[in-house]
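Residue numbers (our numbering): 7 to 228. Yeah, the Cβ is synthetic: ideal placement off N, Cα and C, and Gly gets one too. Since we're looking at a predicted model, the values are computed, not measured. As structure tokens, the structure follows; a few thoughts come after it.
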């Protein structure tokens, strides 16, 4: 029997105590020691959404491939491993078929949830709540970004072409790039293709733009 740990944080989550990868690893290691393993391997997915199926995460996939009958998987909390109800149920079903135990340290005193009928029933409900929370976080994040965009503030992520982030966190236009945007939109309105626009922009302005960048800055131009 081998004991493995799994830890995850998304890019949106704060690395506060209880969510940080280090905190999760410490909790998992402590539990593994009580089960007789003081050298547990912890698979860590950093910057990965809980809505992504475990099998499609880099370290999640590696964990699933490493598991054998009789092995134990430990996660600090349900939402560290699952924020999608279907993925949770499918994974637990797979574990049961393969004879693998799964434990969440915040549920059932860290006991197994795969071979416990009552635990599985409650787990279904909790997984549904975790999925709804993920959706709610997405809605809140979108609302915040829309508000910041309306205020002209940088909302994080890639800075849009034509702007830079000022010392006060506001987006400041870059004159040369704004001229490129105007030229690109004018050509698009005249029916030029994205590739033609890219070639002319490079020849006339010396700017080398990706096609997706040109598509973004000319979006909505007929």
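First and last residue of the uninterrupted alpha helix (DSSP H) at residue i
{"i": "residue 188", "result": "181-195"}
{"i": "residue 68", "result": "64-72"}
{"i": "residue 8", "result": "No alpha helix (DSSP H) contains residue 8, which DSSP labels as neither H nor E."}
{"i": "residue 31", "result": "27-40"}
{"i": "residue 171", "result": "Where residue 171 is concerned, there is no enclosing alpha helix (DSSP H), although the beta strand (DSSP E) it sits in stretches over 169-171."}
{"i": "residue 217", "result": "217-223"}
{"i": "residue 205", "result": "200-211"}
{"i": "residue 43", "result": "Careful: residue 43 lies outside any alpha helix (DSSP H) and carries neither H nor E."}
{"i": "residue 214", "result": "That residue, residue 214, is in no alpha helix (DSSP H); it is neither H nor E in DSSP."}
{"i": "residue 86", "result": "84-87"}
Beta-carbon contacts of residue i that lie in its chain and below 7 Å, excluding the five residues immediately before and after
{"i": "residue 43", "result": "9"}
{"i": "residue 52", "result": "15, 27"}
{"i": "residue 204", "result": "215, 217, 220"}
{"i": "residue 64", "result": "51"}
{"i": "residue 206", "result": "193"}
{"i": "residue 186", "result": "207, 211, 213"}
{"i": "residue 200", "result": "217, 220, 221"}
{"i": "residue 7", "result": "76, 77, 78"}
{"i": "residue 180", "result": "168, 169, 170"}
{"i": "residue 72", "result": "10"}
{"i": "residue 33", "result": "82, 111"}
{"i": "residue 188", "result": "none"}
Cβ-based neighbour list, residue i, same chain, cut-off 8 Å, excluding 5 preceding and 5 following
{"i": "residue 75", "result": "104, 105, 106"}
{"i": "residue 37", "result": "80, 109, 111, 116"}
C-alpha gap between residue i and residue j, whole angstroms
{"i": "residue 56", "j": "residue 210", "result": "46 Å"}
{"i": "residue 41", "j": "residue 85", "result": "23 Å"}
{"i": "residue 154", "j": "residue 29", "result": "Reliability of the predicted coordinates at residue 154 is poor, the pLDDT of 45 falling under 50, and no value is obtained from them."}
{"i": "residue 93", "j": "residue 121", "result": "17 Å"}
{"i": "residue 48", "j": "residue 31", "result": "7 Å"}
{"i": "residue 143", "j": "residue 77", "result": "A caution first: residue 143 carries a pLDDT of 49, below 50, which makes its placement in the model unreliable, though a value can still be read off. Each residue's alpha carbon lies about 33 Å from the other."}
{"i": "residue 224", "j": "residue 96", "result": "43 Å"}
{"i": "residue 115", "j": "residue 59", "result": "25 Å"}
{"i": "residue 150", "j": "residue 39", "result": "Residue confidence is low: residue 150 scores 40 on pLDDT, short of 50, so the model does not pin down where it sits. No coordinate-derived value is stated."}
{"i": "residue 197", "j": "residue 166", "result": "24 Å"}
{"i": "residue 202", "j": "residue 190", "result": "10 Å"}
{"i": "residue 69", "j": "residue 61", "result": "9 Å"}
{"i": "residue 89", "j": "residue 66", "result": "14 Å"}
{"i": "residue 35", "j": "residue 45", "result": "8 Å"}
{"i": "residue 102", "j": "residue 184", "result": "58 Å"}
{"i": "residue 123", "j": "residue 173", "result": "56 Å"}
Cβ neighbours of residue i in the same chain (closer than 6 Å, five flanking residues each side left out)
{"i": "residue 16", "result": "55"}
{"i": "residue 157", "result": "Low confidence applies to residue 157: its pLDDT is 48, below 50, so where it sits in the model is not reliable, and the reading given next is rough at best. Contacts found: none."}
{"i": "residue 81", "result": "12, 87, 110"}
{"i": "residue 100", "result": "none"}
Residues sharing a beta bridge with residue i, DSSP
{"i": "residue 51", "result": "14"}
{"i": "residue 107", "result": "78"}
{"i": "residue 118", "result": "109"}
7 Å Cβ cutoff, residue i in contact with chain B
{"i": "residue 62", "result": "Given the protein chain composition of this structure (a single chain), no chain B is represented."}
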